[in-house]
Amino acid sequence: MPTEENILIKVKNLKKYFNLRTGFIFNKAAGSVKAVDDISFFIKKGETFGLVGESGCGKSTAARLVLRLLQPSAGEIYYKGINILKLKRSQMFKYRREIQIIFQDPYASLSPRMTIGDIVSEPLEIHRVGDRSSRLKRIKETLKIVGLNPEHINRYPHEFSGGQRQRVGIARALVLQPELIICDEPVSALDVSVQAQILNLMVDLQKEFNLTYLFIAHDLSVVKYVSNRIGVMYLGKIVEIAASEDLYKKPLHPYTMGLLSAIPIPDPNLERQRKRIILPGDVPSPINPPTGCRFHPRCPNAQEICSKQEPELKNYTENGNDHFAACFFAGKPI
Ligand SMILES: Nc1ncnc2c1ncn2[C@@H]1O[C@H](COP(=O)(O)OP(=O)(O)OP(=O)(O)O)[C@@H](O)[C@H]1O
Ligand SMILES: [Mg+2]
0 MPTEENILIK
10 VKNLKKYFNL
20 RTGFIFNKAA
30 GSVKAVDDIS
40 FFIKKGETFG
50 LVGESGCGKS
60 TAARLVLRLL
70 QPSAGEIYYK
80 GINILKLKRS
90 QMFKYRREIQ
100 IIFQDPYASL
110 SPRMTIGDIV
120 SEPLEIHRVG
130 DRSSRLKRIK
140 ETLKIVGLNP
150 EHINRYPHEF
160 SGGQRQRVGI
170 ARALVLQPEL
180 IICDEPVSAL
190 DVSVQAQILN
200 LMVDLQKEFN
210 LTYLFIAHDL
220 SVVKYVSNRI
230 GVMYLGKIVE
240 IAASEDLYKK
250 PLHPYTMGLL
260 SAIPIPDPNL
270 ERQRKRIILP
280 GDVPSPINPP
290 TGCRFHPRCP
300 NAQEICSKQE
310 PELKNYTENG
320 NDHFAACFFA
330 GKPI
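Counted the way numbering that gives the first Met the number 0 counts, the sequence shown spans residues 0 to 333.
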């Protein structure tokens with residue numbers, strides 16, 4: 000069990016419900032989207048915690064809650080032991096400096112009218128770091144660190160390729176020397192050949208600057224490549240949390256087993272023998288999630304209890320590493 004000192008972020012029973020309203024004049028309440036529904040996890044300093052799950056399961060909402068861009072419906076978020084939901088505006092300003100985000104789409108997240116120098120400079124100006132000349136020096140250094148030519152500081156985003164643009168996004172996140180970087184699908188919009196370069200850059204930067212990452216993706220093969228520990232999300236809940244290796248070698252939740260079976264194996268002989276598990280049906284709506292275990296309508300192992308009772312996250316550790324899963328039949332093959 001990690002000690003409190005080496006935990007950077009701890010999230011407890013976090014919920015975010017978006018209220019839905021219908022009608023123009025009367026504006027009646029019409030239920031809510033349970034985007035994040037009681038999740039808890041922690042991230043240790045210097046590690047990468049991966050959050051994986053299908054589209055719409057609440058990953059980006061969780062990221063926005065941690066950044067406090069959204070106010071949670073319930074729950075607590077601790078940064079270095081301090082509840083950030085209780086911070087005042089001025090204290091929040093300092094927190095914002097220590098936590099940065101890299102977005103999925105480097106086309107949409109970089110302003111087309113700003114030069115890359117201005118884009119990387121903006122966080123320094125907002126946080127009033129240094130004067131003009133020291134900022135310029137820092138911007139050039141940061142561009143170099145992420146593998147861009149510092150002489151291109153006056154160019155615009157459209158003059159760069161997708162991979163280079165994401166490097167600009169990384170430089171922008173890095174320039175304030177943050178503690179934690181939230182990476183929300185940072186390579187999903189890129190060509191496969193470029194994905195590996197960007198992932199390798201992120202791994203190198205982490206080692207060099209002792210960064211902590213919350214790494215979000217829908218693709219378990221990408222998350223597995225970079226993460227020390229992984230949380231698997233399904234319809235607003237975390238259904239399994241384990242060290243990457245344990246999750247990969249011995250998944251306990253049938254949803255994780257399904258996600259894993261979709262990853263191709265690089266060896267053609269093994270790949271031919273591989274059994275692919277195709278989960279039936281689509282992800283249900285988070286407005287009216289299924290009763291009991293939310294996964295039960297798609298689960299090949301579901302029994303009567305699964306539709307009636309909600310399984311709790313339980314620790315099934317075998318090797319001393321925590322391995323939590325929320326399933327009445329955890330570990331049963333599908
Ligand atoms: N502002 C909002 N108002 C209402 N519903 C929202 C809002 N933001 C997100 N949602 C809903 O919350 C759920 C979770 O969305 P979220 O964007 O967190 O998912 P995600 O896991 O990041 O998906 P993706 O992989 O597509 O990025 C979705 O059903 C989404 O439609
Ligand atoms: Mg998202």
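The C-beta atom is built at its ideal place from N, Cα and C for all residues, glycine as well.
- If only complete runs of 4 or more residues are kept, the segment 261-327 shows the alpha helix (DSSP H) at 267-272, 303-307, in order along the chain.
- Here the distance from the Cβ of PHE17 to the nearest heavy atom of ligand 1 is below 8 Å.
- DSSP places LEU50 in no alpha helix (DSSP H) but in the uninterrupted beta strand (DSSP E) bounded by 47-51.
- If the five residues before and after GLU309 are omitted, its C-beta is found closer than 7 Å to the C-beta atoms of GLY291, CYS292, all from its own chain and listed in chain order.
- For GLY257, the three-state secondary structure derived from DSSP is helix.
- For ILE169, no beta strand (DSSP E) encloses it; the enclosing alpha helix (DSSP H) starts and ends at 161-173.
- About 7 Å separates the beta carbon of GLY235 from that of CYS56, a gap short enough to meet the 8 Å contact definition.
- Rounded to the nearest whole angstrom, the CA to CA distance from ASP190 to GLU3 is 39 Å.
- Every alpha helix (DSSP H) of 4 residues or more that sits fully in the segment 182-246 is shown, in chain order, as 191-208, 219-225.
- Taking all protein chains in view, the Cβ of LEU269 is surrounded by fewer than 16 other Cβ atoms within 10 Å, so the residue is classified as exposed.
- Using a Cβ distance threshold of 9 Å, LEU198 and VAL231 do not count as a contacting pair.
- When distances are taken from the beta-carbon of HIS151 to the heavy atoms of ligand 1, even the shortest one reaches 8 Å or more.
- In this structure, the beta-carbon distance from SER31 to LEU19 falls below 9 Å.
- Rounded to whole angstroms, the separation of the alpha carbons of PRO285 and MET256 is 22 Å.
- Comparing alpha-carbon positions, the option among TYR233, ASN209, LEU204 lying closest to ALA216 turns out to be TYR233.
- Judged by DSSP in its simplified three-state form, ASN148 adopts coil rather than helix or strand.
- DSSP places TYR77 within a strand segment (E or B) once states are collapsed to three.
- About 22 Å separates the beta carbons of ALA188 and ASP117, which is beyond the 8 Å limit, so they are not a contact pair.
- Distance from the CA atom of PHE159 to the CA atom of SER133, rounded to whole angstroms, is 25 Å.
- Rounded to whole angstroms, the Cβ separation of LEU251 and ALA301 is 15 Å, and the two are not in contact under 8 Å.
- Under the DSSP assignment, ILE83 falls outside any beta strand (DSSP E); it carries neither an H nor an E label.
- Counting along the chain, the unbroken alpha helix (DSSP H) around ILE118 starts and ends at 115-125.
- Around the C-beta of LYS331, fewer than 16 other C-beta atoms lie within 10 Å, and the residue is accordingly described as exposed.
- Comparing C-alpha distances from GLY45 to each of ASP245, TYR254, THR211 shows the shortest one belongs to THR211.
- According to the DSSP assignment, SER59 belongs to the alpha helix (DSSP H) that extends over 58-65.
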